[in-house]
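Since the structure comes first, as structure tokens, the remarks are kept for the end.
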Amino acid sequence: MHQITLWRRLLAEFLGTALLVTAVVGSGIMAVKLSPNDVGLQLLQNSVATAFALGALILTFGPVSGAHFNPVVSAADWFLGRRHGTGLAGKELGGYAVAQTLGAIAGSILANLMFDLAPVTMSTKDRADGHLWLGEVVAVVGLLLLIFALVRSGRASVAPAAVGAYIGAAYWFTSSTSFANPAVTVGRAFTDTFAGIAPTSVPGFVAAQLVGLLLGVGLVLALYPHAGENAGAVVVPHDADPAHRL
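Using our numbering, the first residue of the sequence shown is number 1, and each one after it goes up by one.
See below:
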């Protein structure tokens, strides 16, 4: 079986996360242009575009890297798979997180440039409040439960549609509009547009996402105690190179 080297997987994570954030930020800018006086319609346009883009990007990059696009997903994959030799190795987790974060920043810059804005326009949108952090915890826990339930039950092939649908829905049922991703949170600080988040609000969101990671992993272990055996198929099956394992 063909083995995919680490640098190719990191490139896939960088590109996938960059294009995801481009979709989030770009559709937000377009929504404001098309529906300047209707915030609800703006959110609908933004969420639909993001859900469709996420599904397409998982299909595109999943066979290379698993299409995590999210340090929380990568960390859960590493933790749950470490005893079974599945999922990510320690140094791979660090590489994935860096590639995802740099990709998210690049995605915001690309979206800004496509809409004739300055490459970097640091957000002034304050999102620092306890109820928003609670929304992030809920969003992350739900995301992890969905991904590992699909993998454990052998239904990873439907992950593109399922994960896209979940994120699209979570835009609406969480108070935070479901960032659910530390890398994407950092990237969205680099655009002062509809999807932006003020840099001062980033630490609170990331902390909430890490709490969601801990709770989510705990619930995965409680519900699917053997989930780690299938960690190599997160988010979708991919063929990692065992030469890079620790």
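Here a beta-carbon is modelled for each residue, glycine too, at the ideal position from N, C-alpha and C.
Model, not experiment: these values are computed from the prediction.
The beta-carbon separation of asparagine 70 and asparagine 181, rounded to 4 angstroms, stays under the 8 angstroms limit for a contact. With contacts defined as CB atoms closer than 7 angstroms, leucine 19 and leucine 57 qualify as a contacting pair.
Threonine 177 is classed as buried because its beta carbon has at least 16 other beta carbons within 10 Å across all chains shown. Considering only Val151, Gly232, Gly16, Gly142, the residue with the shortest C-alpha distance to alanine 169 is Gly142.
Taking every protein chain shown into account, the CB of glutamine 3 has fewer than 16 other CB atoms within 10 angstroms, so this residue is exposed. For leucine 223, the closest C-alpha among the options Ser74, Leu145, Val73, Val140 is that of Leu145. In this structure the stretch 31-42 does not touch the stretch 116-127; the number of beta carbon pairs closer than 8 angstroms is below three.
The three-state secondary structure of glycine 40, taken from DSSP, is helix. A straight-line Cα-Cα distance of about 32 angstroms links valine 202 and arginine 83.
With contact defined as three or more Cβ pairs closer than 8 angstroms, the stretch 208-222 and the stretch 156-175 are not in contact. When the five nearest sequence neighbours on each side are left out, the beta carbons in the same chain lying within less than 6 angstroms of the beta carbon of alanine 12 are those of Phe61, Val64, Ser65, in order along the chain. In this structure, threonine 50 sits near alanine 23, with a CB-CB distance shorter than 7 angstroms. Secondary structure note for arginine 155: it is in no alpha helix (DSSP H), with a DSSP letter that is neither H nor E. The straight-line gap separating the alpha-carbon atoms of alanine 111 and lysine 33 is approximately 14 angstroms.
Between valine 235 and alanine 162, the C-beta spacing is not below 7 angstroms.
Here the stretch 98-110 makes contact with the stretch 181-191; the two share three or more CB pairs at distances below 8 angstroms.
Judged by DSSP in its simplified three-state form, tyrosine 96 adopts helix. Taking 4 residues as the shortest admissible run, the stretch 164-236 contains the following complete alpha helix (DSSP H) segments, listed from N- to C-terminal end: 182-188, 202-223.
Across the structure, leucine 150 and valine 138 are spaced so that their CA atoms are roughly 18 angstroms apart.
Proline 237 and phenylalanine 14 have their C-alpha atoms spaced approximately 18 angstroms apart.
Closest option to threonine 101, judged by alpha-carbon separation, among Trp78, Gly130, Ser153, Leu10: Leu10.
Per DSSP, the unbroken alpha helix (DSSP H) holding aspartate 77 starts and ends at 71-81. Residue burial is scored here from C-beta neighbours: leucine 113 has fewer than 16 other C-beta atoms within 10 angstroms and is therefore classed as exposed. Taking the Cα positions, alanine 89 is about 13 angstroms away from glycine 228.
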